[in-house]
Each structure stands twice: as structure tokens, then as C-alpha cells.
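Heads up: take any position in the sequence shown, counting from 1, add 16, and you land on the numbering used here. Notes for the one structure printed next.
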Amino acid sequence: MSQSLDEKLATLAGPRRKKVEARAAELIAEEISLGELRRVHRLTQKRMAEKLGIGQEGVSRLEQRSDLLLSTLRSYIKAMGGTLSIVAEFPNRKPVVLTGLAALESNFSEQSRKAAPVRRGRPSPR
């Protein structure tokens, strides 16, 4: 018969149980949603919206998304007073902090604006 997690933890010696519980708390702290992060910083969606220059509903949608542009995520983190770092992790190697993404991103955005044709008048029928 299988044991529940609580039952398994109860069988561990005191120091071992404390160590397992502390590590579990560390892992949980490493995983946090954008909404939870905003609440930890005691910011409302309305206040974040003001800082980002968007509507509250935009903050709500942003917090629900699973796929964000780096520029969007960077702006969100910056609005809370933080900075965004991207870390690549590989088996059997130390984590690597990726650099130069801001420069690449701003260059890409600038090139996209220059290359995108500006359409005026009525849209063409499809």
C-alpha cells in the first residue's frame, strides 16, 4: 500500500525531516507566478498598470500568459524595481547568465519598425 507524503515525512527522523521541509520551502520559493511576485511587492494590478502605462485588464492578461516577449517581462520586472536576468542551465555544468539580450532585442525592434511598411487609408479587402 502506498504512503502519503505526510505519512512518509512522519517516518523521517527530526533533523532529516526538517532538512527535507527546508529544501521543499526553497524550491517553492524559486517558483512564483508574476501575480504572486507582484503581491509580494505589495502592488495591486491597478498600480502595476499605472507603472506600465497600460490598463488593469492588461496586467491581468499579462499575468495569465505562459508565453511573454522578453521586453514585456523586462518591463514588468522593472516596474517592481527589479532587473531581469536569463540563466541557461545544462546538465553537468554551472548555470550561465545570458548577456546581450537587451541589445539584441532593441536592435531587432528598431529594425522591425524600420522594415515594417506603414499603411495608410482603408485596409485592402481579403
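A virtual CB, placed ideally from N, CA and C, is assigned to each residue, including glycine.
Boundaries of the alpha helix (DSSP H) harbouring residue 93: 86-95, taken from the DSSP string. Going by beta carbons, residue 80 and residue 72 fall outside the 8 Å limit.
If you compare the alpha carbons of 21, 78, 68 with that of residue 94, the shortest gap goes to 68.
Each residue's CA atom was taken as its position, placing residue 88 and residue 98 some 13 Å apart. In the three-state DSSP reduction, residue 28 falls in the coil class, being neither helix nor strand. Contact check for residue 113 against residue 101 passes: the beta carbons are separated by less than 8 Å.
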